[in-house]
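**Q** First to last, the protein sequences are chains A and B. So in this note's numbering, the last spot in the first sequence is 369, and the numbers never skip. So in this note's numbering, the last spot in the second sequence is 402, and the numbers never skip. The beta carbon of each residue, even a glycine, is placed where N, CA and C say it ideally should be. I'd like to ask you about the structure that follows.
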Amino acid sequence: MNLRRILADFSVFRREYLRNKEGFFFALVFPVILILLFGAIFSGNNHSPINVYALNEDNGPMGSSFLNVLNQTGAIKVILAPSGSVFPDYLLKNSYSQGILIPSNFSYSIHSGGKASVIIYSNPADTSTQIVTGVINSVAEAFNLKLSNSSNFITIVQKSVNESSPSYIDFLIPGLIGFTVLTSPMFSMVNLSAEYKKSKFFKQLSLTPLTKGEWLASKIIWYVMISLISFVLMTATGTLLFGANVQITAWVLPFVILGSLLFVSLGMLVGTITKSIESAGVIGNIITFPMMFLSGTFFPLSIMPSWLARIAHIFPLYYIIDGLTATMVYDNLRSALIDLSIIALICLMLSIAAVKAFKWREE
Amino acid sequence: MILISMGQGEEVRELIKNDSKSNKQNDSVIIVKELSKSYGRLKAVDAIDFSVQRGEVFSLLGPNGAGKTTTVEILEGIRKADNGEVSVLGLDPWKNGYELHKRIGVIPQGFRFFDKSTPREAILYYAELFGRKVNAEHILKLVELEDAANTYFEQLSGGQKQKVGLALAMVNDAEILFLDEPTTGLDPQARRSIWSVIESFKLQGKTVFLTTHYLDEAERLSDRVAIMNHGKIIALGSPDYLVSKYGNSKKITLEGDERMYGFLKQSADIAVTMQDGTIEIPLKQSKDLLKVINLIENSGIPYSGLSLKKDSLEDVFISLVGRMKEGELD
Chain A
7 MNLRRILADF
17 SVFRREYLRN
27 KEGFFFALVF
37 PVILILLFGA
47 IFSGNNHSPI
57 NVYALNEDNG
67 PMGSSFLNVL
77 NQTGAIKVIL
87 APSGSVFPDY
97 LLKNSYSQGI
107 LIPSNFSYSI
117 HSGGKASVII
127 YSNPADTSTQ
137 IVTGVINSVA
147 EAFNLKLSNS
157 SNFITIVQKS
167 VNESSPSYID
177 FLIPGLIGFT
187 VLTSPMFSMV
197 NLSAEYKKSK
207 FFKQLSLTPL
217 TKGEWLASKI
227 IWYVMISLIS
237 FVLMTATGTL
247 LFGANVQITA
257 WVLPFVILGS
267 LLFVSLGMLV
277 GTITKSIESA
287 GVIGNIITFP
297 MMFLSGTFFP
307 LSIMPSWLAR
317 IAHIFPLYYI
327 IDGLTATMVY
337 DNLRSALIDL
347 SIIALICLML
357 SIAAVKAFKW
367 REE
Chain B
73 MILISMGQGE
83 EVRELIKNDS
93 KSNKQNDSVI
103 IVKELSKSYG
113 RLKAVDAIDF
123 SVQRGEVFSL
133 LGPNGAGKTT
143 TVEILEGIRK
153 ADNGEVSVLG
163 LDPWKNGYEL
173 HKRIGVIPQG
183 FRFFDKSTPR
193 EAILYYAELF
203 GRKVNAEHIL
213 KLVELEDAAN
223 TYFEQLSGGQ
233 KQKVGLALAM
243 VNDAEILFLD
253 EPTTGLDPQA
263 RRSIWSVIES
273 FKLQGKTVFL
283 TTHYLDEAER
293 LSDRVAIMNH
303 GKIIALGSPD
313 YLVSKYGNSK
323 KITLEGDERM
333 YGFLKQSADI
343 AVTMQDGTIE
353 IPLKQSKDLL
363 KVINLIENSG
373 IPYSGLSLKK
383 DSLEDVFISL
393 VGRMKEGELD
């Protein structure tokens, strides 16, 4: 290994990469856009209340009281429908997916000791339906307790697992660092290896003193750098704009370095063993996209069905993101080291396979 | 001058032996003996022998699929031979490829570079790889690329791209330059421009190993050529020697009709051929020239476009490859 040659090759590759606008965009700008986008959607506690349309047909005071309490929860904003309208038709006509109908005998039923009903109209496909239903149930429960002169025997106190209360953005940052560690080398190396092989550029490079190992080393250095820059950009964006609370420790480095080596090797392997540039691209995408979405990059595995979450364990990216989350969010070094060992093992296997498959010269 | 004609048994082997002996006495930088390479059932290179002397321009000619690129890649050390001996600058190219590559320059077929790098950056990159201090401006001037020094490779013309390859082959002050079809796909002007750079290599005393399927290119640039077909070398020698051995040194051509063709065929003790209205009369001796012209003039049969021609290397090549196809040469 000659450092001068590695740096020369690194320099020409860096120039090529940065002069190529698409490469630059996907390596550095795209992850920042993602964190801005996801951060804006999911971060912070100042959620807007969900609009719920209501028709109060009640002749007494209880209907109005019920709707007022709903409004006071802050989770729901009650908007009254014009009186006299046919409520389901009104909701459909205006494409409203949430509605509450207070029937005309609501107050009477309560005062007479009968059963009063609140009718909820909802669209099961709307993700806010569960929240709306939950809030209405809670308010109805509170009314029931009050009307029966009972009191709360059990109260719920909600606390976060971590004292510093990790938020979605805290989990998103390791996820998106993992995303960069995966996508930058994979998309580039698959295409580059297949194209260099087809155009005999590898053969051409083999006619210089540059060795196969030096060529590989310069690519690994570049992608480690890209991942580190991306780590700094995303951590800074997440911290400054969305108040993310993540730890910046030296333990991030082995994940970024081994992760880059792993996906440079995987990308090279796919590009080298496939027969054409087109098939290399297809196989690269088949590997990359499921791994990107199922490894906990954008959403925690806990929201996935258990069988799907189990599948995530076959992807090396899962261990990178899990390890980064352990070290950056939970400060759990033991868990991070287990992940790191698994990554190191996969990395070793893929590197050996890639170097064996990668032919600088032909037999 | 050495000629190898396949199918001549002992005579051919004797000629090769003599070639080896004479090259040992001279300064052979490439020696190839019984070199073979197969891809499955296809024999791409079939027991070929030749040697190249220091300072000469040696061309390997042949139609597509003749085995030229396989041969040159074996010499460059990027492809392994099945059998035979190969020595380039005294080194085994496959075993000592790393040492060899520091001493040779190569422009492979379809040379390419990084799309977004300029010729100046390409030279400096190669200089770093070879650990040499070079004057990039001087090299750019030698290959006539000063005006495109800062243009991205992807924006260069085909000829300029090949010149970048030539520039890179100069970076390590190579003793042998391997140029694999350096002018394929270029326009005539760009080809001539490349030729002048190759001629300047020759003037510097460098050995040039050229593979091409352009016969005019080989005839103009080469000291010696080897004609290859179906993995075998079917002829080897200087262009003049091959033309004199296999071609008709002089011939008269004219445009005429069947009457003229019939008249000449009957009247003269010479071989006459006719194709697409062109009558061709090869001249065995110089004195035949006047005899044939007098015959034509005195025939009273109309004709046009009378001219005296000499066979070119291309004529010899077509003839030899054609004869091999018909089984005259095996």
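With DSSP as the reference, label K152 (chain A) as helix, strand or coil.
**A** K152 (chain A) falls in the helix class under three-state DSSP.
**Q** Along chain A, which residues have their Cβ under 8 Å away from the Cβ of S189 (chain B)?
**A** Per Cβ cutoff of 8 Å: V18, R21, E22.
**Q** Would you kindly work out how many angstroms separate the C-alpha atoms of I179 (chain B) and M242 (chain B), rounded to a whole number?
**A** Computed Cα separation, rounded: 10 Å.
**Q** Going by C-alpha to C-alpha distance, which of A:Y23, A:F295, A:F305 sits closest to S189 (chain B)?
**A** The residue with the shortest Cα to Cα distance from S189 (chain B) is A:Y23.
**Q** Can the beta-carbon of Q181 (chain B) be found closer than 8 Å to that of T141 (chain B)?
**A** Contact: yes.
**Q** Return no unless some Cβ of chain B is closer than 8 Å to the Cβ of K206 (chain A).
**A** Interface residue, yes.
**Q** With a CB to CB cut of under 6 Å and the five nearest residues on each side skipped, what residues in its chain are close to T214 (chain A)?
**A** No residues qualify anywhere along the chain.
**Q** Do you know offhand how far E271 (chain B)'s Cα is from A138 (chain B)'s?
**A** Computed Cα separation, rounded: 26 Å.
**Q** For N197 (chain A), report the span of its beta strand (DSSP E) as first-last.
**A** Premise fails: N197 (chain A) lies in the alpha helix (DSSP H), 174-204, not in any beta strand (DSSP E).
**Q** Roughly how many whole angstroms lie between the Cα atoms of Y324 (chain A) and V163 (chain A)?
**A** So the alpha carbons of these two residues sit roughly 32 Å apart.
**Q** Is there a Cβ of chain A sitting closer than 8 Å to that of G257 (chain B), yes or no?
**A** Closer than 8 Å: no.
**Q** Can P88 (chain A) and L330 (chain A) be called in contact, C-beta distance under 8 Å?
**A** No, the pair does not count as a contact, with Cβ atoms beyond the cut-off.
**Q** Quick check on the DSSP output: the alpha helix (DSSP H) that includes V1 (chain A) runs from which residue to which?
**A** The shown model of chain A, from 7 to 369, leaves out residue 1 (chain A), and the question about it has no answer.
**Q** Nearest-angstrom Cα distance between E369 (chain B) and Y375 (chain B)?
**A** Looking at the two C-alpha atoms, the distance is approximately 9 Å.
**Q** Who are the neighbours of R263 (chain B) on chain A, taking C-beta pairs under 9 Å?
**A** Within 9 Å Cβ-Cβ: nothing; R263 (chain B) doesn't reach chain A, min ~21 Å.
**Q** Provide the residue span of the alpha helix (DSSP H) that contains E28 (chain A), from first to last.
**A** Looking at the DSSP string, the run of the alpha helix (DSSP H) that includes E28 (chain A) is 27-30.
**Q** Under three-state DSSP, which class holds Q125 (chain B)?
**A** Of the three classes helix, strand and coil, the one that applies to Q125 (chain B) here is strand, per DSSP.
**Q** For I266 (chain B), collect the residues of the same chain with a Cβ closer than 8 Å to its Cβ; drop the 5 residues on either side in sequence, then sort them by chain order.
**A** Result list for I266 (chain B): G231, Q234, K235, L238, P254, T255, L258, in chain order.
**Q** Does the stretch 314-324 of chain B come close enough to the stretch 124-138 of chain B to have 3 or more Cβ pairs within less than 8 Å?
**A** The stretch 314-324 of chain B is not in contact with the stretch 124-138 of chain B.
**Q** Just to confirm the assignment, what range does the alpha helix (DSSP H) spanning N77 (chain A) have?
**A** 68-78 is the span of the alpha helix (DSSP H), which, as asked, contains N77 (chain A).
**Q** Applying the 10 Å Cβ sphere with the 16-neighbour rule, what's the burial state of W228 (chain A)?
**A** Buried, by the Cβ-count rule.
**Q** Would a check of beta-carbon distances place N197 (chain A) closer than 8 Å to chain B?
**A** For N197 (chain A), the answer is no, since every Cβ of chain B falls outside 8 Å of its Cβ.
**Q** Given 8 Å as the limit, is there contact between the stretch 104-115 of chain A and the stretch 55-62 of chain A, that is, 3 or more CB pairs closer than that?
**A** Yes, since at least three Cβ pairs between the stretch 104-115 of chain A and the stretch 55-62 of chain A fall closer than 8 Å, the two stretches touch.
**Q** Should V178 (chain B) be flagged as near chain A, meaning a C-beta pair shorter than 8 Å?
**A** At least one chain A Cβ lies under 8 Å of V178 (chain B).
**Q** Taking the beta strand (DSSP E) that M346 (chain B) belongs to, which residues open and close that run?
**A** Run containing M346 (chain B): 345-347, per the beta strand (DSSP E) assignment.
**Q** The stretch 185-211 of chain B: which residues have C-beta closer than 8 Å to a C-beta of chain A, in chain order?
**A** Listed in sequence order: F186, D187, K188, S189, E193, Y197, Y198, E200, L201, F202, G203.
**Q** Less than 8 Å separating the beta-carbons of K322 (chain B) and L362 (chain B)?
**A** No; because the gap between Cβ atoms is not below 8 Å, this pair is not in contact.
**Q** Looking at the unbroken alpha helix (DSSP H) that takes in S115 (chain A), where does it start and where does it end?
**A** Run containing S115 (chain A): 112-117, per the alpha helix (DSSP H) assignment.
**Q** Is Y127 (chain A) buried or exposed, if buried means 16 or more other CB atoms sit within 10 Å of its CB?
**A** Its Cβ being crowded by 16 or more others within 10 Å, Y127 (chain A) is buried.
**Q** Hey, would you say T157 (chain B) sits closer than 8 Å to E226 (chain B), going by beta carbons?
**A** Before going on, a small fix: residue 157 (chain B) reads as Glu here, not Thr. No.
**Q** When we look at the beta-carbon of V270 (chain A) and count the other beta-carbons within 10 Å, is it buried (16 or more) or exposed?
**A** It counts as buried.
**Q** Using the beta-carbon of each residue, which ones in chain A are nearer than 9 Å to Y170 (chain B)?
**A** Under the 9 Å cutoff, chain A gives P215, T217.
**Q** I want to verify the contact list: residues of chain A whose CB lies under 7 Å from the CB of E148 (chain B), in sequence order.
**A** Simply L213.
**Q** Can you tell me the Cα-Cα spacing of N203 (chain A) and M355 (chain A), whole angstroms?
**A** A quick correction: the sequence has Lys, not Asn, at residue 203 (chain A). Going by the C-alpha atoms only, they are around 22 Å apart.
**Q** Hey, how far is the Cα of L326 (chain B) from the Cα of D383 (chain B)?
**A** One C-alpha to the other measures close to 15 Å.
**Q** Going by Cα to Cα distance, which pick from A:I289, A:A46, A:N74 is closest to V84 (chain A)?
**A** When each option's Cα is compared against that of V84 (chain A), the closest is A:N74.
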